[in-house]
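Everything below concerns the one structure shown next.
In our numbering, the protein residues as written are 192 to 407.
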């Protein structure tokens, strides 16, 4: 794995990516308006070689840190840590772009294979992601608009609510909190408890009147 990471770093560091100690390897890069771009490689060592399943993330530090704080997690994130605000797998991105279905196999490195050739394929795909994924996110408003446009899971709904509140859109944020509360109905106690902690912390931080949260 170390050899593969070193070769990948030779390709990406000149493009302003910094090597990070993400589990499974990865890189981060400073974006505009304080945003942080993340590339997690998720390298797994198998008996046949290395399997890579990269993912793309965009982190708004304030949104991510507040979400972490509201659910009781450490919230002093950095370029190489902290919750991303939006994300998707690199293979999912490529499928949207060109209908490619076998990217994970294309990046996996079998024993005895040419590592340089596989890394070059990954490098080309990362450049495509720079142009058509990361560059879509230039400021907080672009992160929030993206989350409003796509289907959000529980994790992303929390990010969206905080992003809307930071923009001063309290009505939209309260509506999003209501959706979050609906999503966790029937979830195991641990998930439900975390949701209640998030909502309570959110209300206290943004000084939202309790009567504005009827049904949440």
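Built from N, CA and C at the ideal position, the CB exists for glycine as well.
Practice prompt. Counting only the same chain and skipping the five closest in sequence on each side, list residues whose C-beta sits under 8 Å from that of residue 152.
Written response: This structure cannot settle anything about residue 152, because the visible part of the chain is limited to 192 through 407.
Worksheet entry | Sequence-distant residues of the same chain with beta carbon closer than 7 Å to residue 209, five excluded per side | Cβ neighbours of residue 209 beyond the five flanking positions: 218, 219, 220, 270.
Discussion item. Can you check which of these residues, 214, 224, 232, is closest to residue 200 by C-alpha distance?
Written reply: Residue 232 is the option with its Cα nearest to residue 200.
Fill in: Status (buried if at least 16 other CB within 10 Å, exposed otherwise) for residue 249
Note on residue 249: 16 or more other CB atoms within 10 angstroms of its CB, so buried under the neighbour-count rule.
Fill in: Within 8 Å, strictly: CB atoms of residue 283 and residue 255
No, the pair does not count as a contact, with Cβ atoms beyond the cut-off.
Worksheet item: Using the beta-carbon count (16 or more within 10 Å), is residue 320 buried or exposed?
Response: Residue 320 is buried by the Cβ-count criterion.
Discussion item. Using only the alpha-carbon positions, how far apart do residue 407 and residue 369 sit?
Written reply: Residue confidence for residue 407 is low, a pLDDT of 49 falling below 50, so the modelled location carries little weight; the figure read from the coordinates is stated next. Whole-angstrom Cα-Cα distance: 5 Å.
Discussion item. What does the alpha-carbon distance come out to for the pair residue 211 and residue 197?
Written reply: Taken atom to atom, the span from the alpha-carbon of residue 211 to that of residue 197 is near 12 Å.
Discussion item. Quick check on residue 313: buried or exposed, where buried means 16 or more other Cβ atoms within 10 Å of its Cβ?
Written reply: Answer is buried; the Cβ neighbour count reaches 16.
Discussion item. Let me check one thing: in DSSP terms, what residues is residue 231 bridge-paired to?
Written reply: Note: residue 231 sits in a beta bridge opposite 217, 246.
Item to complete: May I ask you to report which of helix, strand or coil DSSP gives residue 277?
Response: Reduced to three states, the DSSP call for residue 277 is strand.
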